[in-house]
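Numbering (the working numbering), first residue to last: 702 to 1015. Backbone N, C-alpha and C define an ideal beta-carbon position, used for all residues, glycine too. Working notes, beginning with the structure itself.
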């Protein structure tokens, strides 16, 4: 349907247990949920599904437990045309889960229990890259040990791949991980944490912080800013931060929208799109996803996805 690129994800998987609420409970309070969904999630897997839907050849390097959820994951990856040759099953461990609360306005709160994701080792990643097909892009998040992520980026750089880190959930990065990172894609909260800046800075100060951080780390930077779109800055290429706006829509559920953006942007890089075009497509697919409930179930498919791509790649 679309162009194909090779994308390797050293990333996570979670079973999403989502409750839809009128409002979040206060401390010690019990509230009724309006609805409940169980589905497939985890930042790495969400991003992989989006990229696969767009046409990328996706290989997951991840770990699941030897439980029912782990077996469901293997089947789900195969249904989504994702290579499972390097999905490791960890004995006597649970697969990862995410407890998600979603309010009526689409705002969410998420608690993840990584389970087998924490057992993904650098040694297994190294072994996987010996046998993996050459990747155009190696993509990771922070729901697995950073030692495994760093190993994937090192191996990816050796084969000439572009490396892309979505630093979520926000965490202190290993000292040398940015050395092997070509692109960094945080949201505004995660960027504030990494750059040790105050959250919710005025736009002019935020832009200055982006330039300073990108120049100091020599890392290409895309910062998503919710309904306002995204900010792009590349050291030695861009003279100033570029603001790529998105379409205003009615939000039903924002869960997984950041992953829709990141998976689309990774796909764009894997097929040689220029970053601005990749961001514009990512904005469109993420905006579409927030108008529907659920995580991977909210991602456009088939004719709907073809329409979004056609409208944004004229």
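Across the set 752, 927, 912 and 857, the C-alpha of 927 shows the shortest separation from the C-alpha of residue 901.
Under the three-state reduction of DSSP output, residue 934 falls in the strand class. Pairing residue 780 with residue 960 gives a Cβ-Cβ distance that is not under 7 Å.
In the three-state reduction of the DSSP assignment, residue 735 falls in the strand class, which pools E and B. With distances taken between CA atoms, residue 863 lies nearest to 835 out of 873, 765 and 835. Straight across, the Cα-Cα distance linking residue 843 with residue 1004 is about 33 Å. By the C-beta criterion, the region 718-738 is judged not to be in contact with the region 783-794, since fewer than 3 inter-stretch pairs fall below 8 Å. With contacts defined by Cβ atoms closer than 7 Å, residue 923 and residue 931 form a contacting pair.
Selection 761, 800, 798 and 803 evaluated against residue 784 yields 761 as nearest (Cα-Cα). Secondary structure note for residue 962: its alpha helix (DSSP H) is the uninterrupted segment 958-971.
Using a Cβ distance threshold of 7 Å, residue 867 and residue 963 count as a contacting pair. The straight-line gap separating the alpha-carbon atoms of residue 874 and residue 892 is approximately 12 Å. The C-alpha of residue 979 is placed about 5 Å away from the C-alpha of residue 969. The DSSP-derived three-state label of residue 927 is helix. Boundaries of the alpha helix (DSSP H) harbouring residue 831: 823-832, taken from the DSSP string. Residue 1007 is classed as exposed because its beta carbon has fewer than 16 other beta carbons within 10 Å across all chains shown. From the listed residues 710, 776, 782 and 807, the smallest Cα separation to residue 957 is found for 807. Scanning its chain for C-beta atoms nearer than 7 Å, with the 5 sequence neighbours on each side dropped, one finds around residue 768 the residues 795 and 796, in chain order. Per the C-alpha coordinates, the member of 710, 815, 828 and 897 positioned closest to residue 716 is 815. For residue 888, DSSP records a beta bridge to 925. Proximity to residue 903 across 914, 889, 894 and 895 peaks at 889, based on C-alpha coordinates.
Membership of residue 850 in the alpha helix (DSSP H) is indicated by the continuous run 847-859.
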